[in-house]
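So for the sequence shown, the working numbering puts the first residue at 21; every next one is plus one.
Notes follow once the structure below has been shown.
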Amino acid sequence: MKAYGHAFRVPFRRAISGFAGLARHHNLLKKEWNVPMMRKIGVLTSGGDAPGMNAAVMSIARSAAAYGMPLIGIKHGYNGLLRKSTSIKDDLQELYLDTVLDIADQPGTYLRTARCEEFKDPKWREIAVQTLKAMEIDGLVVIGGDGSFQGAMRLCELGIPCIGIPGTIDNDLAYTEMTLGYETAVQVCTEAIRAIRATSRSHDRPHVVECMGRHCGDIALKAACATGSEIVVVPEVPWSVEEVASRLNKQIAKGNYRSTIVLAEGCWESMAPFDMYGFLTSHGKQCFEGEPMSAMRFASIMKRMCGMVEARSTVVGYTQRGALPVAKDSAFAFEAGNLAVRLLRDGISNQVIGVRQGKVFNMPIVDALKVEKHFRRDLYDLVNNL
Ligand code: ADP
Ligand code: F6P
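This is the structure:
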């Protein structure tokens, strides 16, 4: 291992074991002689918040306490390491068990999260390293998405042992079958779409539902499957307004007037050029030139292209991110948090945690970030062609 923490700990532990003779367990040593076996670790949440982040922090805190490692919470993502706040308490905070037990099942992130553009600049990362050294933080757990992992990888290159826990509702990390928050986001969207489909059925009118997913359509696709929605539109697959109207018309021809069109928010990026202004104004609808496409505008266009009396739209939005984590996300958080601390304790770092074939595992960050995401085109075709 490259990290300095390992070089310090292993000979230190061996020396103590040798000297102690009969003492088999380090924990026993610590208990009886109060020998500091491990040094401090830190944890931060970065990027968009995700349900389950607090559960992971709780697990990290309990594990750190169990292994005798003090834990520092770093606030506002990487910003907390850059010492930009006037008060240190706004940047760094020792995490105690009773605090984390209170927040474990809460949505959002107690540590706060943020983007931190400065962290992409090596000069600022040097400051982060200085902060970590000054605080005697030997290792760091980073809970976030691929951007946050890029940051962790840079820190590893500077000799700071890091472990990444995937925390993003988007499920856009290819190396793992699960990311914290994705299952919850799908559940929230599924419940929203079920309710919407009930009212769509009552009125016999179509509905456009926009889910989150700037570059990844997984939430939209899974929620569409879970609800039996008729049409799904995602950033991964190029599409046109006319093509979706034709799919909707096929449903209408079958006697289904209450289709649900599930969109991922980033789908506008993969849409073929469409003259929304020309179309809407020629249909007597007010529109501003250059106005971006939206779920509401899209519903209005579908209504007119397909000759429906009405069409409505709903953006599920941030309710997906701020929801209580479902059991699957919390359970993953619990296991991942513990594994992260054990890896640091055992001198293994520069790793990310994930799920493979249903089992929690770890692999090098550098390799994980190289794995390419494969979109489930088969499922996409199934939803759209039934
Ligand atoms: P996510 O982690 O959810 O993908 P972002 O892509 O917004 O979210 O990244 C979160 C933060 O990670 C950024 O604001 C920045 O602080 C850090 N980060 C992202 N990319 C890099 C990079 N290439 N180098 C260093 N830090 C990065
Ligand atoms: O967490 C990922 C994500 O939810 C994306 O799907 C979405 O585009 C983005 O975050 C929005 O985050 P914010 O508005 O906080 O920048």
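We put the beta carbon where it would ideally sit given N, CA and C, even for glycine.
Do residue j and residue i count as a contact pair if the criterion is CB distance below 9 Å?
{"i": "E166", "j": "R396", "result": "It is worth fixing the name first, because residue 166 is Asp in this sequence and not Glu. Contact: no."}
{"i": "L200", "j": "A353", "result": "yes"}
{"i": "I94", "j": "E114", "result": "no"}
{"i": "D125", "j": "P384", "result": "no"}
{"i": "R341", "j": "I189", "result": "yes"}
{"i": "V162", "j": "G179", "result": "no"}
{"i": "F73", "j": "T119", "result": "Here residue 73 turns out to be Met, not Phe, going by the sequence shown. Not a contact, by the Cβ cut-off of 9 Å."}
{"i": "I80", "j": "G357", "result": "yes"}
{"i": "E197", "j": "G378", "result": "yes"}
{"i": "V325", "j": "V261", "result": "Here the sequence assigns Met to residue 325, which means Val is not the residue at that position. Yes, they are a contact pair."}
Can you list, in chain order, the residues of its chain with a C-beta nearer than 6 Å to that of residue i? Leave out the 5 residues immediately preceding and following it.
{"i": "V336", "result": "C209, A212 and C231"}
{"i": "M316", "result": "S333"}
{"i": "G67", "result": "G164, G165, G167 and S168"}
{"i": "C176", "result": "C182 and N370"}
{"i": "T301", "result": "C307"}
{"i": "A388", "result": "Y195 and V372"}
{"i": "G171", "result": "Y98 and F139"}
{"i": "F294", "result": "V261"}
{"i": "R44", "result": "Per-residue confidence for R44 stands at a pLDDT of 42, beneath the threshold of 50, marking its modelled position as unreliable; the derived number appears in the next sentence. Same-chain partners within the cutoff: there are none."}
If I follow the unbroken alpha helix (DSSP H) through residue i, where does it start and stop?
{"i": "E177", "result": "D166 to E177"}
{"i": "M383", "result": "It is not in any alpha helix (DSSP H) - M383 instead sits in the beta strand (DSSP E) that spans K379 to P384."}
{"i": "L121", "result": "L117 to I123"}
{"i": "C236", "result": "Unbroken run through C236: none, as it is neither H nor E."}
{"i": "C209", "result": "Y202 to H223"}
{"i": "R145", "result": "P142 to A154"}
{"i": "R82", "result": "M73 to A86"}
{"i": "G298", "result": "M296 to S302"}
{"i": "V261", "result": "V261 to A273"}
Leaving out the 5 sequence neighbours to the left and right, which residues in its chain are closer than 8 Å to residue i when beta-carbon positions are compared?
{"i": "A331", "result": "R225, P226, H227, V228, A319, S320, M322 and K323"}
{"i": "M155", "result": "K60, G62, I92 and L112"}
{"i": "R278", "result": "R217, S220, R221, H223, D224, R225, P226 and H227"}
{"i": "N54", "result": "Because N54 carries a pLDDT of 43, less than 50, the predicted location of this residue cannot be relied on, and no value is offered for it."}
In its own chain, which residues sit with a C-beta less than 7 Å from the C-beta of residue i, not counting the 5 before and 5 after it?
{"i": "A85", "result": "L117"}
{"i": "V254", "result": "G237, A240, L241, A284, C287 and Y400"}
{"i": "A243", "result": "V206, C209, T210, I213, C231 and V282"}
{"i": "L359", "result": "I373, V380 and N382"}
{"i": "K348", "result": "E203"}
{"i": "S249", "result": "I213, T280, V282 and V403"}
{"i": "I216", "result": "H227, V229, T280 and T334"}
{"i": "G41", "result": "Any reading at G41 needs caution, since the residue's pLDDT is 34, under 50, leaving its predicted position unreliable; the model's value is listed next. For G41, where only same-chain residues beyond five positions count, there are no Cβ hits under 7 Å."}
{"i": "D110", "result": "K95"}
{"i": "L121", "result": "M78"}
{"i": "T339", "result": "V208"}
{"i": "K305", "result": "S320"}
{"i": "R174", "result": "R145"}
Where does the unbroken beta strand (DSSP E) through residue i begin, and where does it stop?
{"i": "E230", "result": "H227 to C231"}
{"i": "A315", "result": "Not the beta strand (DSSP E): A315 falls in the alpha helix (DSSP H), residues A315 to M325."}
{"i": "S333", "result": "R332 to V335"}
{"i": "A113", "result": "The residue asked about is misnamed: residue 113 is Gln in this sequence, not Ala. It spans L112 to E114 - the beta strand (DSSP E) in which Q113 sits, taken as one unbroken run."}
{"i": "L389", "result": "No beta strand (DSSP E) contains L389, which DSSP labels as neither H nor E."}
{"i": "G13", "result": "The requested residue 13 does not occur in the structure, where the chain is confined to residues 21 to 406."}
Could you check how far apart the C-beta atoms of residue i and residue j are, in whole angstroms? I think they sit under 8 Å.
{"i": "P186", "j": "P127", "result": "Contact flag wrong, Cβ pair sits at about 17 Å."}
{"i": "G62", "j": "L152", "result": "7 Å"}
{"i": "S350", "j": "A75", "result": "4 Å"}
{"i": "D192", "j": "H223", "result": "No, D192 and H223 are not in contact; Cβ-Cβ is about 35 Å, not under 8 Å."}
{"i": "V375", "j": "Y87", "result": "Their Cβ separation, rounded to whole angstroms, is 23 Å, which puts V375 and Y87 out of contact at 8 Å."}
Subject >> Nearest-residue set for ligand 2, Cβ under 6 Å from any heavy atom >> reply: G68, T188, I189, D190, M232, G233, R234, E285 and R341
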